[in-house]
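Chemist: Letter 28 of the sequence shown, counting from 1, is numbered 53 in my numbering, and no numbers are missing. Mind having a look at this structure? Questions to follow.
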Amino acid sequence: MLQENRFIQDKRAMDLLGGEIILWFFRFFLLIVIIAGIALIAYAFYSKNVDTGEIETSIISGKIANCIVKDSILQDISSLSLENCGLNINLEESYINITSQGKSNSVGNSNFEVLCNLKGIRMQYKPACLRQRYYVLNQANEGAYVDLLVATIKGIR
């Protein structure tokens, strides 16, 4: 009787263990589905090409405009450097041209100026170009136009 009772207990334990194994397979499958879903969402998000070039050129242009005009007076653009403006950009991927009163100062990859002037041509990696014109006072308190061209290609990721 004792052995028969032990056999019944072992059988119940095996039945419970068999049920637990089935539940563990279900839990493992559910875990795999969740991990695969997270991986697919991350892949879909990070595989997109995002072009932030327009935003980047706008920010650079604003910083340069604030740098060349101090106390509402135009500074000498021929001695302007990017470090003085607080800009740390890769000049191989950017181009900046400042023109005012017959003086010009340009830094970076000058090929971008040519690419910015092209119209009607479709390119895969065309630089984002921003041309702006400001009317400011020069040191003699006379009005002067400042033409600013900022081009960058590194915003494409």
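For every residue, glycine included, the Cβ atom is placed at its ideal position computed from N, Cα and C. These numbers were taken from a predicted model, which means no experiment stands behind them.
Threshold first: 4 residues or longer. Then list the alpha helix (DSSP H) segments lying entirely within the region 69-155, N to C.
Modeler: 78-93, 136-142
Chemist: From this set, V161, L143, I98, L65, which residue's C-alpha is nearest A176's C-alpha?
Modeler: By one-based count along the sequence shown, residue 176 stands at place 151. Among V161, L143, I98, L65, the Cα nearest to that of A176 is on L143.
Chemist: Roughly how many whole angstroms lie between the Cα atoms of G62 and F53?
Modeler: On the sequence shown, position 37 is the one that residue 62 refers to. On the sequence shown, position 28 is the one that residue 53 refers to. Their Cα atoms are separated by approximately 14 Å.
Chemist: Under 7 Å between the Cβ atoms of S86 and L162?
Modeler: One-based indexing of the sequence shown puts residue 86 at position 61. One-based indexing of the sequence shown puts residue 162 at position 137. No, they are not a contact pair.
Chemist: Please name the residue, chosen from I98, L174, E167, G145, that lies closest to N134 on a Cα-to-Cα basis.
Modeler: On the sequence shown, position 109 is the one that residue 134 refers to. Ranking the options by Cα distance to N134, first place goes to L174.
Chemist: I'd like the list of long-range same chain contacts for C110, defined as Cβ closer than 7 Å, with 5 residues on each side in sequence excluded.
Modeler: Taking the first residue of the sequence shown as 1, we reach residue 110 at position 85. Around C110: K88, I89, C92.
Chemist: Could you tell me the distance, in whole angstroms, from the CA atom of V94 to the CA atom of N74?
Modeler: Reading the sequence shown from its first residue, position 69 is the one you call residue 94. Reading the sequence shown from its first residue, position 49 is the one you call residue 74. The alpha-carbon atoms of V94 and N74 are separated by roughly 36 Å.
Chemist: Please report the straight-line C-alpha distance between I84 and V171, rounded to a whole angstrom.
Modeler: In the sequence shown, counting from the first residue as 1, residue 84 sits at position 59. In the sequence shown, counting from the first residue as 1, residue 171 sits at position 146. Distance between the alpha carbons of I84 and V171 is about 17 Å.
Chemist: Between the alpha carbons of Y160 and N113, how many angstroms are there, rounded?
Modeler: Here residue 160 refers to the residue found at position 135 of the sequence shown. Here residue 113 refers to the residue found at position 88 of the sequence shown. Answer to the nearest angstrom: the Cα atoms are 26 Å apart.
Chemist: Inspect the beta-carbon positions of L99 and N130 and report whether they are closer than 7 Å.
Modeler: Locating residue 99 in the sequence shown gives position 74, counting from the first residue. Locating residue 130 in the sequence shown gives position 105, counting from the first residue. Result no, Cβ atoms of L99 and N130 do not sit closer than 7 Å.
Chemist: By the 10 Å Cβ neighbour count, where 16 or more other Cβ atoms means buried, how is Y71 classified, buried or exposed?
Modeler: As a position in the sequence shown, residue 71 is number 46, starting the count at 1. By the neighbour-count rule (16 or more Cβ atoms within 10 Å), Y71 is not buried but exposed.
Chemist: May I ask you to report which of helix, strand or coil DSSP gives A165?
Modeler: Start at 1 with the first residue of the sequence shown, and residue 165 comes out as number 140. In the structure shown, A165 sits in coil (DSSP, three-state: anything other than H, G, I, E or B).
Chemist: Rounded to whole angstroms, what is the Cα-Cα separation between E81 and G145?
Modeler: To locate residue 81, count along the sequence shown from 1; it is residue 56. To locate residue 145, count along the sequence shown from 1; it is residue 120. Computed Cα separation, rounded: 23 Å.
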